[in-house]
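In this note's numbering, the protein residues as written are 2 to 316.
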């Protein structure tokens, strides 16, 4: 009978180049730094250099911490992860490219904090969100993108939160937007935009479009500003057979836009309270049937006011 000892088996495997060492668990937290190297283990003492390498090293549901100011390269996210950029972590988007692509699992949570995305008038998209259970963007900036600054097109049910974020000077070709939410499929999508500033982003600031979905789309804008766009500041729309879209706008401002400040059309309704519409060349608010806008008497609309709107009285 042929007998092979354990030591002989190990020797044979090593001769074939097979790694027989113990499996190493992926770390739950990794670090990147300006003087780091992707040949390092991404520890605090030996940080790596790029977001992508750190993402590939860290465990699912782990965290990437940025140690100092630098550019850390474009990133494709495929798992639950948190990035703590601390307001000084840069991503320079290459010509025709995307800064951050999110294509994770249907239940994965993705968090981006303190990330600065610079398109340099060449990158096509700042952030492109495709698949994840939830996305949170905080204290970040997206600017100088050729197309759309933040493109949110989830194909699965998702919760999206963007807060304390600056989106400006995007859509150089004028056919795109600052932020678009455009889900697909029979999905339920809930989005909140809190303290988001949008300036000079081509056709518009924030657009919620349910035309490619048969599910439900609910969005809220709080304490935000959309100004100096070619067309609209805030808009909600949907196709006749698309998702029913609802958008609530509270304590926000649409100003100095070339079109309508707040606009609703198709299977979309907007509720506006404690908000300002001023010096929008196409009017401050407009609903095109069957789209609806409901406003309270605590809004401040100058000039044309609100066309096709229903005024509600607070109880």
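Yeah, the Cβ is synthetic: ideal placement off N, Cα and C, and Gly gets one too.
Distance, residue j Cα to residue i Cα
| i | j | result |
| --- | --- | --- |
| residue 137 | residue 302 | 32 Å |
| residue 277 | residue 255 | 6 Å |
| residue 170 | residue 274 | 27 Å |
| residue 213 | residue 237 | 13 Å |
| residue 221 | residue 253 | 11 Å |
| residue 186 | residue 244 | 9 Å |
| residue 26 | residue 61 | 11 Å |
| residue 23 | residue 188 | Unreliable positioning characterises residue 23 in this predicted model, as indicated by a pLDDT of 48, which lies under 50. The coordinate reading is nonetheless provided below. Distance between the alpha carbons of residue 23 and residue 188: 43 Å. |
| residue 294 | residue 122 | 35 Å |
| residue 313 | residue 235 | 20 Å |
Which listed residue (the options) has its alpha carbon closest to that of residue i
| i | options | result |
| --- | --- | --- |
| residue 224 | 212, 295, 156, 199 | 199 |
| residue 217 | 295, 125, 70, 268 | 268 |
| residue 68 | 310, 52, 82 | 52 |
| residue 209 | 304, 155, 41, 122 | 155 |
| residue 109 | 86, 63, 310, 117 | 63 |
| residue 78 | 130, 49, 66 | 130 |
| residue 107 | 233, 159, 229 | 159 |
| residue 272 | 89, 261, 194, 310 | 310 |
Where residue i falls: helix, strand or coil (DSSP)
| i | result |
| --- | --- |
| residue 157 | coil |
| residue 32 | strand |
| residue 137 | strand |
| residue 230 | coil |
| residue 303 | coil |
| residue 257 | coil |
| residue 287 | strand |
| residue 245 | strand |
| residue 281 | coil |
| residue 172 | coil |
| residue 131 | strand |
| residue 213 | coil |
| residue 107 | coil |
| residue 23 | In this predicted model, residue 23 has a pLDDT of only 48, less than 50, meaning its place in the structure is not dependable; the value taken from the coordinates is given anyway. Coil. |
| residue 69 | coil |
| residue 75 | coil |
| residue 126 | strand |
| residue 1 | The chain is shown only over 2 to 316; residue 1 falls outside these bounds and no answer can be derived. |
| residue 239 | coil |
Extent of the continuous beta strand (DSSP E) to which residue i belongs
| i | result |
| --- | --- |
| residue 56 | No beta strand (DSSP E) contains residue 56, which is instead part of the alpha helix (DSSP H) from 52–58. |
| residue 297 | 293–297 |
| residue 146 | Segment: none, residue 146 is in no beta strand (DSSP E) and carries neither H nor E. |
| residue 89 | 82–93 |
| residue 194 | 189–200 |
| residue 45 | No beta strand (DSSP E) holds residue 45; DSSP gives it neither H nor E. |
| residue 1 | The structure shown does not extend to residue 1, since the chain is modelled only from 2 through 316, so no value can be given for it. |
| residue 220 | 217–223 |
| residue 269 | 269–274 |
| residue 266 | 263–266 |
| residue 179 | 178–182 |
| residue 313 | 311–313 |
Cβ of residue i within 8 Å of any chain C Cβ
| i | result |
| --- | --- |
| residue 287 | You won't find chain C in this structure, because it holds only one protein chain. |
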